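S.K.: I'd like to ask you about the structure that follows.
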Amino acid sequence: MSTPSTQQQHEDNQPNPRVSGCVLDARKDTEMPLLSVKDLAVSLGGREVLRDIELDIFEGEFIGLIGPNGAGKTTLLRAILGLLPAHGEISIAGATQVRARRHAVGYVPQRHEFAWEFPISVHDCVLNARGIGSRGWWKPQRKEDYAAVAAALDRVRLKDLDNRPIAELSGGQRQRVLVARALVNTPKLLLLDEPFSGLDMPSAELLVELFQSLATEGTAIVMSTHNLGEAMDACSRLVLLNRELKAVGTPAQLHTPSVWMETFAVSAHSPLLRTVGISPLAEREEAC
């Protein structure tokens, strides 16, 4: 696993987090956020799925979005993209209109959502994502489009497989195709929905190293994941979510059992705490 990248400079420059109830949120007064979410609420089928979401994310941050099944992680990512109706304010790189916001975002959906049986090569699959939302499917491709595809495939180490049908790819290779599709438009913000699900360790490590490298270069990344250990090791900040924000902070700031117990509705004896490297004894010592 690679060592923490220079996106950690955001942590080093942060003031001590403001504690409000169980929400820890490190704010910056001197830098404009790349992504700003204010008073966001989402209801689906008459049921409230998310409420009172307030979140600022800055260039070069690698954010782990963590919560139990049904917590609203995928819903939050889709609301940011403008794929779901939502109340509140969302801005990306200063843009508030959905169409303008999408130009700055690369999105990696969960792997099972993609039509892998479609008869198309790796190269053309990534090429088809180039310029979507700005030029349309019917416009002819340009030299720079092919160069962008080559660069994206090289970034995910799939350049040698560019002519292979996507139906013949392994799970790890398919995940990298989705990442290449997200990178081909050089986004400022990368949204990842469970990118490690079902991957073997080498594939997961390759992606972690890539995401950390992108963050070092200034790309902001928001990643929903159930891989808690990976998130604790790799992410610069964590967002604990269960229909509302439970805690936001660096892994070190969230190294206390209570926020995890509340987010996941588990006891002090839950193995989940040990997964994130926390002993229930630590909280008892803090209280003394």
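In terms of my numbering, the sequence shown opens at residue 9 and continues consecutively. Beta carbons: idealized from backbone N, C-alpha and C, even for Gly. All values derive from a computational prediction rather than experimental measurement.
Note the first and the last residue of the continuous beta strand (DSSP E) segment covering I74.
M.R.: The residue you call residue 74 lines up with position 66 of the sequence shown. Counting along the chain, the beta strand (DSSP E) containing I74 begins and ends at F70 to I74.
S.K.: Verify the CB distance criterion: does I229 have a CB-CB separation below 8 Å to chain C?
M.R.: In the structure shown, chain C does not exist; there is a single protein chain.
S.K.: Are the beta-carbon atoms of R189 and C133 separated by less than 8 Å?
M.R.: In the sequence shown, residue 189 corresponds to position 181, counting from 1. In the sequence shown, residue 133 corresponds to position 125, counting from 1. Contact: yes.
S.K.: Can you give me the C-alpha to C-alpha distance between L262 and I229, rounded to a whole angstrom?
M.R.: On the sequence shown, position 254 is the one that residue 262 refers to. On the sequence shown, position 221 is the one that residue 229 refers to. Computed Cα separation, rounded: 19 Å.
S.K.: Could you compute how far the alpha carbon of E62 sits from the alpha carbon of D47?
M.R.: Counting from 1 along the sequence shown, the entry for residue 62 is found at position 54. Counting from 1 along the sequence shown, the entry for residue 47 is found at position 39. Taking the straight line from one Cα to the other gives about 6 Å.
S.K.: What residues are listed by DSSP as bridge partners for E56?
M.R.: As a first step, residue 56 is located in the sequence shown; it is residue number 48 there, counting from the start. DSSP, once it has assigned bridges, lists S51 as partnering E56.
S.K.: Would you kindly work out how many angstroms separate the C-alpha atoms of K81 and E176, rounded to a whole number?
M.R.: Sequence index remark: in the sequence shown, residue 81 carries index 73 (1-based). Sequence index remark: in the sequence shown, residue 176 carries index 168 (1-based). Between K81 and E176, the C-alpha separation is close to 30 Å.
S.K.: Between which two residues does the alpha helix (DSSP H) holding I88 run?
M.R.: Position 80 of the sequence shown holds residue 88. That run of the alpha helix (DSSP H) goes K81 to L89.
S.K.: From the DSSP output, in three-state form, read off M231 for me.
M.R.: If you number the sequence shown from 1, residue 231 lands on position 223. In this structure, M231 counts as strand in the three-state DSSP scheme.
S.K.: Among E56, D168, G102 and L215, whose alpha-carbon lies nearest the alpha-carbon of E67?
M.R.: Within the sequence shown, residue 67 is the residue found at index 59, counting from 1. Taking only the C-alpha atoms, the option nearest E67 is G102.
S.K.: Anyone know if the C-beta pair for L199 and L85 falls short of 8 Å?
M.R.: The residue given as residue 199 occupies position 191 in the sequence shown. The residue given as residue 85 occupies position 77 in the sequence shown. Their beta carbons are under 8 Å apart, which means L199 touches L85 by this criterion.
S.K.: Starting from D241, follow the alpha helix (DSSP H) in both directions and report where the run begins and ends.
M.R.: Walking along the sequence shown from the start, residue 241 turns up at place 233. Here the alpha helix (DSSP H) through D241 covers L236 to A242.
S.K.: Residues in the same chain with beta-carbon distance under 7 Å from W124, minus the five sequence neighbours each way, listed in chain order, please.
M.R.: Taking the sequence shown and counting its residues from 1, one reaches residue 124 at position 116. Within the same chain, W124 has close Cβ partners I174, A175 and R182.
S.K.: Determine the DSSP secondary structure at H131, reduced to helix, strand or coil.
M.R.: Here residue 131 refers to the residue found at position 123 when the sequence shown is read from its first residue. If DSSP states are grouped into helix, strand and coil, H131 belongs with the helices.
S.K.: Under 8 Å by Cβ, that's how I've got I100 and L42 pegged, so tell me the actual separation to the nearest angstrom.
M.R.: Taking the sequence shown and counting its residues from 1, the one referred to as residue 100 is at position 92. Taking the sequence shown and counting its residues from 1, the one referred to as residue 42 is at position 34. Right, the Cβ-Cβ distance comes to about 7 Å (below 8 Å), so this counts as a contact.
S.K.: Between M240, G179 and D201, which has its C-alpha nearest Y115's C-alpha?
M.R.: By 1-based counting over the sequence shown, the position of residue 115 is 107. Nearest C-alpha to Y115: D201.
S.K.: For N171, count neighbouring Cβ atoms within 10 angstroms of its own Cβ and tell me buried if that reaches 16, exposed if not.
M.R.: For the purposes of this step, residue 171 is taken as the residue at position 163 of the sequence shown. With fewer than 16 other Cβ atoms within 10 Å, it is exposed.
S.K.: For the beta strand (DSSP E) holding E254, just list the boundary residues, first then last.
M.R.: In the sequence shown, counting from the first residue as 1, residue 254 sits at position 246. Correcting the residue type first, residue 254 is Lys in the shown sequence and not Glu. Unbroken beta strand (DSSP E) run through K254: L253 to G257.
S.K.: Evaluate H131 with the Cβ neighbour count: other Cβ atoms within 10 Å of its Cβ, from every protein chain shown; 16 or more gives buried, anything less gives exposed.
M.R.: In the sequence shown, the residue the question calls residue 131 occupies position 123. The residue is buried, with at least 16 neighbouring Cβ atoms inside 10 Å.
S.K.: Nearest-angstrom Cα distance between S142 and G72?
M.R.: Reading the sequence shown from its first residue, position 134 is the one you call residue 142. Reading the sequence shown from its first residue, position 64 is the one you call residue 72. Low confidence applies to S142: its pLDDT is 48, below 50, so where it sits in the model is not reliable enough to give any reading.
S.K.: Using C-beta distances below 7 Å, list every residue in its chain close to E152, excluding the 5 sequence neighbours before and after it, in chain order.
M.R.: What you label residue 152 is simply residue 144 of the sequence shown in a count that begins at 1. So the list is empty, once near-sequence residues are dropped.
S.K.: So R245 is in the beta strand (DSSP E); what residue range does that whole segment cover?
M.R.: If you number the sequence shown from 1, residue 245 lands on position 237. Where R245 is concerned, the enclosing beta strand (DSSP E) stretches over R245 to L249.
S.K.: Going by alpha carbons, who is nearest to F70 out of L215, P210, T271 and L281?
M.R.: The sequence position of residue 70 within the sequence shown is 62, counting from 1. Nearest option by C-alpha distance: L215.
S.K.: Got a sec, what are the start and stop residues for the alpha helix (DSSP H) D208 sits in?
M.R.: Counting from one through the sequence shown, the residue named residue 208 turns up at place 200. Segment: none, D208 is in no alpha helix (DSSP H) and carries neither H nor E.
S.K.: Pick out the complete alpha helix (DSSP H) segments inside the segment 147–199, 4 residues or longer, and give them in chain order.
M.R.: The qualifying runs are 151–163 and 179–191.
S.K.: Taking the Cβ atom as the reference point for each residue, do K196 and A137 lie within a distance shorter than 8 Å?
M.R.: By 1-based counting over the sequence shown, the position of residue 196 is 188. By 1-based counting over the sequence shown, the position of residue 137 is 129. Cβ atoms of K196 and A137: not closer than 8 Å.
S.K.: Can you tell me the Cβ-Cβ gap for A242 and Q220, rounded? I've got them flagged as a contact below 8 Å.
M.R.: Numbered from its first residue, the sequence shown carries residue 242 at position 234. Numbered from its first residue, the sequence shown carries residue 220 at position 212. With 8 Å as the limit, A242 and Q220 qualify as a contact, their Cβ atoms being about 6 Å apart.
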